[in-house]
Every structure is written in structure tokens, then in C-alpha cells.
Amino acid sequence: MESSSSSSDDWSKDCSTIFLTTIVGAASLILAAEAESSLSRTGRAALNRDREAAHDSLNTARYSPKRPVENDVNGMNLESNTRSTSGAKTTTNSKLETEIEKSLSSGQQDALNSKKRPCAFCHSSSQTEGSGPFVSFAQGKEVVGSLANFSKVTHVHRNCIQWAPRIYFKDGIIQNLESEVTRANKLKCSSCGKKGAGLGCYMETCQRSYHVPCAYYIPECRWDDTYLMLCPKHRTMKFPNEMEADDGKQDTEKRTSTHLNPCTTPLDAGQNLVFCGSDLSTEEKCLLVDFASNNQAVVFRYWKPNVTHVIAATDSNGACTRTYKVLMAILNGVWIVSVEWVKACMEAGCLVNEEPYEVHLDTHGCTGGPKAGRLRVLNNGPKLFNNLEFYFVGDYVEAHKTDLKELVTTAGGTIIEARDQLLSSSNDADEDVKRVSLVVYNADLSDHSEFYDEDSIRFQRLAAAEDIAQESRSQTIQHIWILESVAACRLLPFTSGVQ
Numbered sequence: 001m002e003s004s005s006s007s008s009d010d011w012s013k014d015c016s017t018i019f020l021t022t023i024v025g026a027a028s029l030i031l032a033a034e035a036e037s038s039l040s041r042t043g044r045a046a047l048n049r050d051r052e053a054a055h056d057s058l059n060t061a062r063y064s065p066k067r068p069v070e071n072d073v074n075g076m077n078l079e080s081n082t083r084s085t086s087g088a089k090t091t092t093n094s095k096l097e098t099e100i101e102k103s104l105s106s107g108q109q110d111a112l113n114s115k116k117r118p119c120a121f122c123h124s125s126s127q128t129e130g131s132g133p134f135v136s137f138a139q140g141k142e143v144v145g146s147l148a149n150f151s152k153v154t155h156v157h158r159n160c161i162q163w164a165p166r167i168y169f170k171d172g173i174i175q176n177l178e179s180e181v182t183r184a185n186k187l188k189c190s191s192c193g194k195k196g197a198g199l200g201c202y203m204e205t206c207q208r209s210y211h212v213p214c215a216y217y218i219p220e221c222r223w224d225d226t227y228l229m230l231c232p233k234h235r236t237m238k239f240p241n242e243m244e245a246d247d248g249k250q251d252t253e254k255r256t257s258t259h260l261n262p263c264t265t266p267l268d269a270g271q272n273l274v275f276c277g278s279d280l281s282t283e284e285k286c287l288l289v290d291f292a293s294n295n296q297a298v299v300f301r302y303w304k305p306n307v308t309h310v311i312a313a314t315d316s317n318g319a320c321t322r323t324y325k326v327l328m329a330i331l332n333g334v335w336i337v338s339v340e341w342v343k344a345c346m347e348a349g350c351l352v353n354e355e356p357y358e359v360h361l362d363t364h365g366c367t368g369g370p371k372a373g374r375l376r377v378l379n380n381g382p383k384l385f386n387n388l389e390f391y392f393v394g395d396y397v398e399a400h401k402t403d404l405k406e407l408v409t410t411a412g413g414t415i416i417e418a419r420d421q422l423l424s425s426s427n428d429a430d431e432d433v434k435r436v437s438l439v440v441y442n443a444d445l446s447d448h449s450e451f452y453d454e455d456s457i458r459f460q461r462l463a464a465a466e467d468i469a470q471e472s473r474s475q476t477i478q479h480i481w482i483l484e485s486v487a488a489c490r491l492l493p494f495t496s497g498v499q
């Protein structure tokens, strides 16, 4: 009985202890909840602001279609492609394979992570027709492949950066990216209400701003080829080129008698003048637009097949920058003249002979290409890359690769998309005309971090290309060979090795 009583007392004590512990715990929770609820509204707002600021900071630290048309062939640093690499270190196959595997693994991980990173402008992680694809910028240049060794990478949609009004490219380096992102993140989108709206209405007094993808899906917005946009409220207003067109219709007779000799007007000569500027300054662009409006001509911002004259800026030596427009003009036999031709025409009051103003030299020292290209087309000569097939291997900035392919096809070359197709082509002995297959690798290292060993990367790319070339009995070339051959309007010797 005593044992039973003692056991009962112990049980009662245990129950009391549990009960007291439960009460104390509940009281602690209540006090904590009251303490939490006692935070002032101002304090919570400050905390939220800190969190938002940290989030915005992360978004800003992460990074079309505004093509960098005034760059040296879309931003390719051709000088870096020709640097001496004769001291490249040899790498054993096992070590090389390990490095390639690491690179591929890192690149695949970056590709997966990039899908989660929002655009620095619109803060959206999705990719739509209105946004365009994602691109990444580090150290002022678009980068591909592994991003792990860059301390700061900014991710943006190509269309968001294309329509940012203060962004441009100089010597292949993007300008004003950070300041434009900062500016945009102070502005709320008139459509979705979120910050990052860098696209404003062309009407100066209008306060509306939009994310480019948001504006894209507003049917009432109007767009202009010169990257201007009118919001729904001001859609009835006119863009500058529309106002110039109206002025031209009203004043055609007056302008013809004032600015042109009637016997040499474009209309009498049966010409449809279409101009395209290359690397022009703001002043030179204005001069070209004024000249075009006085001659009922059209000015295009980008290259189009019906361009008749490329007006190129030149340096003190008379050399022009090797832009995509210049190379396409060479292949199409179009006049490439300096701004002096425009000035001479305006001074004479009529169109003057282009030949004295034809550009003969580019900034890489290549001469004679514009005239050779013009005469080739004039004489119905064969296209430059006739009977040549091109197979691109390795990493490229997508915009650069697209432009290279367009140059190849315009020059009469054939693009081989698949490795099996390359092997099949090399084994085809029934062709009447023997075609030469070229394996093209990217020798431009400007899209890689300074932490990489450039010689090692260049050697890896060359080795990978040569393996494919040997298997398919093809020649190996650097991408620069395409640019140099087009610039000179003649086939240069096939050189594949590290120079």
C-alpha cells in the first residue's frame, strides 16, 4: 500500500511539472507575439525597405533587338584575335579533357541558373516574344559560357537593352549600362506598376514609362524603327521621320529648285536612293538625314538589301571602321563613301560622282575591298564564297555568330548545321564541283574572364576544331578569316593554327 501511495504521489508531481511547463511555454509564446505586434509601423516599413533594397541590389548586380551596329563587326575585338600565342603551353590529353569537362559542367550550371535570374530592367525571369532572349554582360562585354569567374554579371533581355535610350556601344564596350539600370529602377511601369521601366513615351511632356515587354503587348502603343515609342495617349502624334516625309511632300518643288540641279535630280536619273550610316557621329547623322530629305531619299538605321550607299565615318587616314554594314555593302557591291561625299553633294546642289569619295581602307589595314566588291557585282562575277561550306564549332556570342552566318550566305557560302552533315558532305564523291569544307572556331576571347588563361582557351578551341576537321577531311580556320576575306573581297590563305 505504501508503495502504491508513493507511486501515486510521484505521478501527481510529474503531472504538476508538465502542467507548469506548458503554462510557462504558452506564456512565453504570448509575450513573444505581443512583442512582435508592438513593433511600430515605421519600424516594419524600414525593415521591409531594407529587404527590398537588398533584393533590388541583387537584381541590379545581375545583367536587343539593339544590335551594336556601330561596333567593329558587332563588337568583335579583332585586334585581340591576332595577338601572338606562339608561347602557348601544351596540355596533356587527360588534363585537357578534365578542363573541358569542368568548363562544360560550369557552363551548363550557368545556363540553368540564368533562367532564374531576373532581367536588370523589367525584373522578369521569363522570356517572351516581347522581351527577346536573355543576354549577359560582364566587364562591358557580352559573355557566353561559364560566368563563374566574373565578379559582376548583369543579365538583361535583349529587347530591354535595345530600347534603353542612353545605351550604346563604343569599341565593342557597352556604355551607360549601370546608369540606365539605375535610372529605370526609379521609374514605375504605367502598365504593371513595377519599377524598372526604362522606356518612355517619345512625347517630351508625357510622364509615362514602360517595361519593354509590357509595352510590346499594348496594341495602342506605336513603334518607330529609330527606337522611339508613343504611348496610347499620344499615338496620334508623329515620329520625326513621319514629319520629314510630310514636309517633303509639301515642299518637293521648292526643295528641288533650291538644292538640286534639275538635270541631275535622283528622279530624273531614275535612282531610288537608300542610305545607311556606319559609325557616324550625331552631327554626321543629322547631316545625312537632312541631305536625304532634300533628295527624297530614305535613311535606314540597319543594313537592308536595297541600300544604295553606305555613308561611313573615316579617321585621319581615310580608314573606316569594319562594321557589319560595311562588310555587307562590299558583298552586295554597294557604294561605300565618306561623309565628304554628302557635303560635296550639298555644296554642289546636285549629286556628284561617288568615286573620288569611295572608301578604300579599313581600320585593320585592309585595302581595296569596297571597289573590288562593287566591280565584282557590276561584272556579274562569282560570289566570294562559292563552293565553300562552313561548320561553326564552339562558343560564340549568339549575335556575332548570326552575323557571321549572314555574311557567309550572302557571299555564296553554305552553312552546315550538323556534324553528321559535315561528315556526309566530305564523303560525297559524286559531286561535279568539289566543295571545300571549313571548320570555323571562335578566336575572340573578349567574352571570357581575365582569370582565364587565354592561351589555354585558344589552344582548346583549336584542338577541338582540328579533331573535327581531321575526321571530316576539312580545313580549319578562325572566324577572323571570314571577316578578313570579306573586307578584302578575296579569299585569303587558309590558316588555322595559333599565331
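FYI, in UniProt numbering the residues of the sequence shown are 1 to 499. A virtual CB, placed ideally from N, CA and C, is assigned to each residue, including glycine. Please read all numbers here as calculations on a predicted model, not as lab measurements.
Asked, Found
"Cβ pair L423, E466 closer than 8 Å", "no"
"Inter-residue CB distance, F390 and I416 (contact presumed, cutoff 8 Å)", "7 Å"
"Alpha carbon of E283 to alpha carbon of G277, nearest angstrom", "12 Å"
"Buried or exposed by the 16-neighbour rule on C-beta atoms within 10 Å, applied to M243", "exposed"
"CA nearest to the CA of C345, picked from N295, D362, T154, V307", "N295"
"Touching by the beta-carbon criterion (3+ pairs, under 8 Å), the segment 206-213 and the segment 171-179", "no"
"Candidates K371, Y441, L388, S437: closest to L401 by CA position", "Looking at the sequence shown, residue 401 is not Leu but Lys. When only C-alpha atoms are compared, the closest one is Y441."
"Residue range of the alpha helix (DSSP H) that includes Y441", "Y441 -> not in any alpha helix (DSSP H); beta strand (DSSP E) instead, spanning 436-441."
"Beta strand (DSSP E) runs wholly inside the segment 110-146, at least 3 long, in chain order", "134-138, 141-143"
"G489 versus D225 - alpha carbon distance", "One point to set straight first is that residue 489 is Cys, not Gly, in the sequence displayed. If I take the Cα positions, the gap works out to 31 Å."
"L375 versus S437: straight-line alpha-carbon distance, rounded", "27 Å"
"R301 to K285 span [Cα, whole Å]", "10 Å"
"Cutoff 8 Å; reference G394; Cβ partners in own chain excluding five residues on either side", "Y441, N442, R461, A464, A465"
"Nearest-angstrom Cα separation, counted from C231 out to R208", "7 Å"
"Touch test, the segment 313-333 against the segment 342-358, Cβ-Cβ under 8 Å, three pairs minimum", "no"
"Near the ligand PLP: S179 beta-carbon under 7 Å from a heavy atom", "Among the ligands in the structure shown, none appear at all, so the ligand PLP cannot be discussed."
"Supposed close pair S191, I218 - CB separation, criterion 8 Å", "6 Å"
"Bridge-paired residues (DSSP) for K195", "K188"
"Beta bridge counterpart(s) of R223 as assigned by DSSP", "Inspection of the sequence shows that residue 223 is occupied by Trp rather than by Arg. For W223, which the question treats as bridged, DSSP gives the partners M229."
"N- and C-terminal bounds of the alpha helix (DSSP H) containing E283", "282-294"
"Spatial distance of F275 from I477 (CA atoms)", "34 Å"
"Residues bridged to Y210 (per DSSP)", "L199"
"Close-in-space but distant-in-sequence residues of the same chain around G412 (CB under 6 Å, 5 per side omitted)", "K383, F385, N386"
"Residue span of the beta strand (DSSP E) that contains L388, given as start and end", "388-393"
"Candidates E358, L287, K325, of which the one nearest A319 by Cα", "E358"
"Under the three-state DSSP convention, the category C366 falls into", "coil"
"Beta-carbon proximity list for E340, same chain, < 7 Å, skipping 5 on both sides", "Y357"
"Which of helix, strand or coil DSSP assigns to L407", "helix"
"Assumed close pair R322, A487 - CB separation to whole angstroms, cut-off 8 Å", "6 Å"
"Coil, strand or helix - K325 by DSSP", "helix"
"6 Å CB neighbourhood of F239 in its chain, flanking five on each side removed", "D224, L228"
"Three-state secondary structure assigned by DSSP to Y357", "helix"
"Range covered by the beta strand (DSSP E) that runs through C276", "274-278"
"Run of the beta strand (DSSP E) containing F494, from where it starts to where it stops", "F494 -> no beta strand (DSSP E), and no H or E assigned at all."
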